[in-house]
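K.L.:
I have a structure here, written as structure tokens, and I will follow up with some questions on it.
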Amino acid sequence: RAKSQGRNKYQFYNSGITTQTTELFILENSLYYALEKEEFSVYYQPQVNITTGKITKMEALLRWEHSGLGAISPTKFIPLAEETGQIIPIGEWVLRTACIQTKYWQKALAIPSLSVAVNLSARQFQQPNLVDMVQQILIETELAPECLELEITEGIAMQNMNLTKDILNDLHRMGVSISIDDFGTGYCSLAYLKNFPIHTLKIDKSFVRDLATNTHDAAITTAIIALAHGLNMNVVAEGVETEEQRRLLQILDCKFMQGFLFSSAISAEDATKLLRKYKRRKVNNQPFLVA
Ligand code: C2E
Ligand code: MG
Ligand code: MG
Ligand code: MG
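Oh and the sequence shown: position 68 is 425 in UniProt numbering, straight run, nothing missing.
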């Protein structure tokens, strides 16, 4: 039985390669038309200030509903879009969409301080007009630069130190905030934290997951929080799923959290409902908890 199972497995594995290659090929092609076919949407995940119970920020997360294949994970198609360069128009569309949406929430729900975080890819950072593009969208959408945060990864920070520094300084002068996403998982030199205008470190969810049971993860998380505070930066824990993780992070003095415990990434429509609900709670002085 084991033998036949093994053989089936082997055959499946073989055809798996072909399927995978074909799928990648299809995805790559479809990516070129996805924007005009309006297959993308921006979802939003709240970031909560745990000491006040308020939603302070929404992270914009791209979603792709392929006409034939259904929902494709960003972890699959973003790297592909980076390779083909399609991330340039797609990334610009995400930024514009997120800024329009946030401006709408600020006005319609009377939450003028609500901010939005948008992920930037390495490829976008190599575009000479990135700063102009951001500025143009802020003017167009009338969103205050202080309400926009751009998330970059350590890889971006390291790819060309001088160029990155210039770009980040320009964005900082404009009033836009910068955060380092997935902090602790990439190649980093701590020197860039000192030399670059960075406002926030986001602790990667891989450190948060086993926080309660893995002493190494607890040590790393503790160190990142201390580092952020020592450098006068905010720190956000990603991937907070359980009450215990929330409790431990709060003891460690991590003020901002994001994760399924509060809400997953949801459509703009659902996020509007969530923000409305949260506003009602705020009136009652109740903290934001599980949505
Ligand atoms: P990220 O920026 O680190 O985003 C956080 C990811 O963790 C999101 O996955 C989110 O849905 C997921 N997440 C949130 N809370 C939890 C939790 O409690 N538990 C677990 N297990 N996961 C949680 P998503 O939406 O699949 O995005 C994956 C990655 O794709 C993002 O990681 C980001 O690097 C990239 N991405 C997404 N949208 C964009 C975009 O518009 N532009 C660029 N350049 N990259 C994007
Ligand atoms: Mg992010
Ligand atoms: Mg990321
Ligand atoms: Mg992350």
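Heads up, the beta-carbon is just placed ideally off N, CA and C, and yes, glycines get one too.
Source: prediction; values computed, not measured.
Which value, in whole angstroms, describes the spacing of the CA atoms of residue 582 and residue 479?
P.N.:
As a first step, residue 582 must be located in the sequence shown, where it is residue number 225. As a first step, residue 479 must be located in the sequence shown, where it is residue number 122. Distance between the alpha carbons of residue 582 and residue 479 is about 25 angstroms.
K.L.:
May I ask you to report which of helix, strand or coil DSSP gives residue 387?
P.N.:
Residue numbering aside, residue 387 sits at position 30 when the sequence shown is read from its first letter. Helix.
K.L.:
So does residue 508 have its beta carbon nearer than 6 angstroms to some heavy atom of ligand 2?
P.N.:
Here residue 508 refers to the residue found at position 151 of the sequence shown. Yes, the Cβ of residue 508 comes within 6 angstroms of a heavy atom of ligand 2.
K.L.:
Measuring from the CB of residue 418, is there a heavy atom of ligand 1 at a distance below 6 angstroms?
P.N.:
Here residue 418 corresponds to residue number 61 of the sequence shown, with the count starting at 1. Under cutoff, so the answer is yes.
K.L.:
Any residue with its Cβ nearer than 7 angstroms to a heavy atom of ligand 4 should be included. What is that list in chain order?
P.N.:
This selection yields 538, 539, 559, 561, 562, 595.
K.L.:
How would you call residue 460, buried or exposed, if buried means at least 16 neighbouring beta carbons within 10 angstroms?
P.N.:
Walking along the sequence shown from the start, residue 460 turns up at place 103. It counts as buried.
K.L.:
Can residue 622 be considered in contact with ligand 1, in the sense that its beta carbon sits closer than 6 angstroms to one or more heavy atoms?
P.N.:
Residue numbering aside, residue 622 sits at position 265 when the sequence shown is read from its first letter. Ligand 1 has a heavy atom closer than 6 angstroms to the beta-carbon of residue 622.
K.L.:
Would residue 572 be called buried (16 or more neighbouring beta carbons within 10 Å of its own) or exposed?
P.N.:
Here residue 572 refers to the residue found at position 215 of the sequence shown. Taking every protein chain shown into account, the CB of residue 572 has fewer than 16 other CB atoms within 10 angstroms, so this residue is exposed.
K.L.:
In three-state DSSP terms, what is residue 448?
P.N.:
Within the sequence shown, the letter at position 91 stands for residue 448. Reduced to three states, the DSSP call for residue 448 is helix.
K.L.:
Nearest chain B C-beta to residue 514 closer than 7 angstroms, yes or no?
P.N.:
Looking at the structure shown, chain B is missing, and only one protein chain is on hand.
K.L.:
Thinking residue 596 and residue 566 are a contact (beta carbons under 8 angstroms), I'd like their distance in whole angstroms, please.
P.N.:
Mapped onto the sequence shown, residue 596 falls at position 239. Mapped onto the sequence shown, residue 566 falls at position 209. Going by Cβ atoms, the distance from residue 596 to residue 566 rounds to 6 angstroms, so yes, they are a contact pair.
K.L.:
Do the CB positions of residue 314 and residue 598 come within less than 7 angstroms of each other?
P.N.:
Shown here, the chain extends from 358 to 648; a query on residue 314 therefore has no answer.
K.L.:
With a threshold of 6 angstroms (Cβ to nearest heavy atom), would residue 591 be considered close to ligand 2?
P.N.:
The residue labelled residue 591 in the question sits at position 234 within the sequence shown. No; taking the cut-off as 6 angstroms, the Cβ of residue 591 has no heavy atom of ligand 2 nearer than that.
K.L.:
State the DSSP-derived secondary structure class of residue 634, mapped to helix, strand or coil.
P.N.:
Here residue 634 refers to the residue found at position 277 of the sequence shown. In this structure, residue 634 counts as helix in the three-state DSSP scheme.
K.L.:
Check whether the Cβ atoms of residue 533 and residue 454 sit closer than 7 angstroms, and answer yes or no.
P.N.:
Stepping through the sequence shown from its first residue, residue 533 is reached at position 176. Stepping through the sequence shown from its first residue, residue 454 is reached at position 97. Going by C-beta atoms, residue 533 is not nearer than 7 angstroms to residue 454.
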